[in-house]
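So the structure is just underneath, and the comments pick up after that.
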Amino acid sequence: MNCQILRTLYVRANGEIPCEDDFGERLTLGRLPDDPATPAIGRILENEAFGRIRAAFARGEAPWPEVCRSCALLRPDEAPVDELGRRVIEKLQVEASLACALRCPDCSNLQQIRHRKGPLHMTPEVFAGLLDDLRNEGFAVLSVEYCGQGEPLNNPRFPELLATARRSYPETLQRVITNGNHDYAARIGDAFVEETVVSVDGATQDAYARYRVNGRIDRALAFLRDAVAAQRPRGGAVIWKYILLASNDSDVEIAEARRLAEEIGVTELRFVRTHSASRSVRAELPRLPAGGGKVRIEAHPSFFRNVRSMAGRGGVRISGAGGAVHLDSLTIHEDGTLRLVGWANAAQPVSEATVAVDGAAPAPLPLTVPRPDVRRQIPAFVSVVCGFDVWVRASAAGSAGPTLLEFRMVLAGGGTSRLLVDFEDRPLPMWRRAARRVARMVRMA
């Protein structure tokens, strides 16, 4: 039994710390003190609620069965991983604001505004108190994500939040998830943001506004353009997030989105399958544009409840020919599709990267995710934007998982690195035998 709850920390604008899942958010696990200068985070993360989570996972049970059975993030087949106990927060999710001008049909924003107590906006003072508390308690924070049940850029002091996080954790990745219906310069200014994710669910105003009620696609596309101009030259990624809905899933609409993504110059166009009432019924992996260029296919976490993970703590790293590939995780989905998360980097710029599964034709491995942690670990590597998070259609892998992954990196200065990960001990389920996984490396000039 496993869940993100022991790897991440979600803090609402009013200081409440709930479960991160949309359904599980009805559970409040703790609350920041009214006085930002009062230390509390260590006590909160060791309180009765978190103790209940740890004890239940250790028994292979859900801590709140009536709630957890509807949770999109619960992974019944995985062993528990308690990063919070190791003083590591993989993602600090901050609800900068509960306010939002859009009225998306499946959003709980209005309901939350009616029933919640406390302020609508996270103040920089409260945020600074939280970050100071985390730092004093010795927590490493790998990423800060500004996202919640409202629109983060509606916080009138949002640039101060970015600056506060940069002061407290200067090397931590910051990710802003926004609907983009804002003036970029007024809301972001000249701040560097490692990842800017803009939700634009459509390529024309008609399709877009059927779901993003009150939204203007011209403003969202202008925001994307301004983000690209401000962030990409500095190494920041700009991602167009396109949730596939019944209102925007036509072949014409998708083709226009791909054209606009190329024209604007975004790092990635991310099509997302959703589970909501407005979801697309046409959007299945086999028929979507996959691989190549900027396109990535993703899905709501609820699709992955019974996935199997071959990732153990620390992952697998292989090196050779002046470069390396690190596989943080490999997830096997029920249809045999693989999700690979990790990074590839070298002492020279990487002009092309691919991955092949069990001898199949190589698939592109887009290096589009900023990984400042890699540069800190290995200063000789040249690129900060070296991470990948990709789905690979691997029918040869089947549900039992792959035998061999072959990564290739073509270096701009000449030469190719060929790096192999060979998974052994196939007789038993590999996601339960991560400790016996063997990685082999082959170098090729």
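Start counting at 1 in the sequence shown, then tack on 102, and there's your number in the numbering used here.
We put the CB at the ideal spot given by N, CA and C, even for glycine.
Practice item. Could you tell me whether the segment 196–206 touches the segment 234–241, where touching means 3 or more Cβ pairs closer than 8 Å? Key: no
Review point. Would you call the segment 266–285 and the segment 310–325 in contact, with 3 or more CB pairs under 8 Å?
Key: yes
Review point. Since V471 and V494 are thought to touch, with beta carbons under 8 Å apart, how far apart are those beta carbons, to the nearest angstrom?
Key: Not really, about 16 Å apart at Cβ, beyond 8 Å.
Point to revise | Three-pair Cβ contact test at 8 Å for the segment 204–224 versus the segment 173–191 | key: no
Check your understanding: Over what stretch of residues does the beta strand (DSSP E) that includes D524 continue unbroken?
Key -> T518 to D524
Point to revise | Separation of Q450 from D292, as counted between CA atoms | key: Going from the Cα of D292 to the Cα of Q450 covers about 29 Å.
Point to revise | Residue span of the alpha helix (DSSP H) that contains P120, given as start and end | key: Looking at the DSSP string, P120 is not in any alpha helix (DSSP H); the run it does join, the beta strand (DSSP E), is E118 to P120.
Point to revise | Start-to-end residues for the beta strand (DSSP E) that takes in A455 | key: V452 to V459
Review point. Hey, A446 and L429: beta-carbon distance below 7 Å or not?
Key: By the CB criterion at 7 Å, A446 and L429 fall outside the cutoff.
Check your understanding: Alpha carbon to alpha carbon, what distance is there between L275 and R269?
Key -> Straight-line Cα distance between these residues: approximately 12 Å.
Exercise for review: Taking only the alpha-carbon atoms, compute the straight-line gap between E122 and N281 and give it to the nearest angstrom.
Suggested key: One C-alpha to the other measures close to 20 Å.
Practice item. Evaluate A499 with the Cβ neighbour count: other Cβ atoms within 10 Å of its Cβ, from every protein chain shown; 16 or more gives buried, anything less gives exposed. Key: Summary for A499: the model assigns pLDDT 42, below 50, so the residue's position carries little reliability; its value from the coordinates is reported in the next sentence. A499 comes out buried.
Check your understanding: Of all the options Q213, G144, I191 and D136, which has the alpha carbon lying nearest to the alpha carbon of D124?
Key -> Ranked by Cα distance from D124, the options Q213, G144, I191 and D136 are led by Q213.
Check your understanding: Looking at C-alpha atoms only, which residue of C170, N149, A230 and E150 is the closest neighbour of M103?
Key -> C170
Review point. A448 lies in the alpha helix (DSSP H); which residues open and close that run?
Key: Here A448 belongs to no alpha helix (DSSP H); instead the beta strand (DSSP E) covers L440 to A448.
Point to revise | Neighbourhood of E400 by C-beta distance below 6 Å, restricted to the same chain and skipping five residues each side | key: These residues qualify, in order along the chain: R372 and V374.
**Study point:** Exposure label - R114; buried when at least 16 CB within 10 Å
**Key:** buried
Exercise for review: Quick one: measure Cβ to Cβ for T130 and I146, integer angstroms, because I've assumed they're closer than 8 Å.
Suggested key: In fact, because the Cβ distance is near 11 Å, the residues do not count as touching under 8 Å.
Review point. Taking the C-alpha atoms as reference points, what is the distance between R188 and P474?
Key: Taking the straight line from one Cα to the other gives about 21 Å.
Check your understanding: Per DSSP, D491 forms a beta bridge with which residues?
Key -> DSSP output for D491 lists V443 as bridge partner(s).
Check your understanding: alpha helix (DSSP H) containing L362: first to last residue?
Key -> Residues D353 to I366.
Review point. Is it the case that the Cβ atoms of N316 and L432 are separated by a distance below 7 Å?
Key: no
Exercise for review: Could you check the C-alpha separation between D179 and P167 for me, to the nearest Å?
Suggested key: If you draw a straight line from the Cα of D179 to the Cα of P167, it comes to about 16 Å.
Review point. On the three-pair Cβ rule with 8 Å, is the segment 128–144 touching the segment 247–255?
Key: No, the segment 128–144 is not in contact with the segment 247–255.
Check your understanding: Over what stretch of residues does the beta strand (DSSP E) that includes L131 continue unbroken?
Key -> T130 to R133
Review point. Cα-Cα, which of I366, V487 and A332 is closest to R289?
Key: A332
Exercise for review: Buried or exposed for R441, please, with buried defined as at least 16 other CB atoms from any protein chain shown within 10 angstroms of its CB.
Suggested key: buried
Exercise for review: Please state whether DSSP places A329 in a helix, a strand or coil.
Suggested key: helix
Exercise for review: For the alpha helix (DSSP H) holding Y310, just list the boundary residues, first then last.
Suggested key: Q307 to Y313
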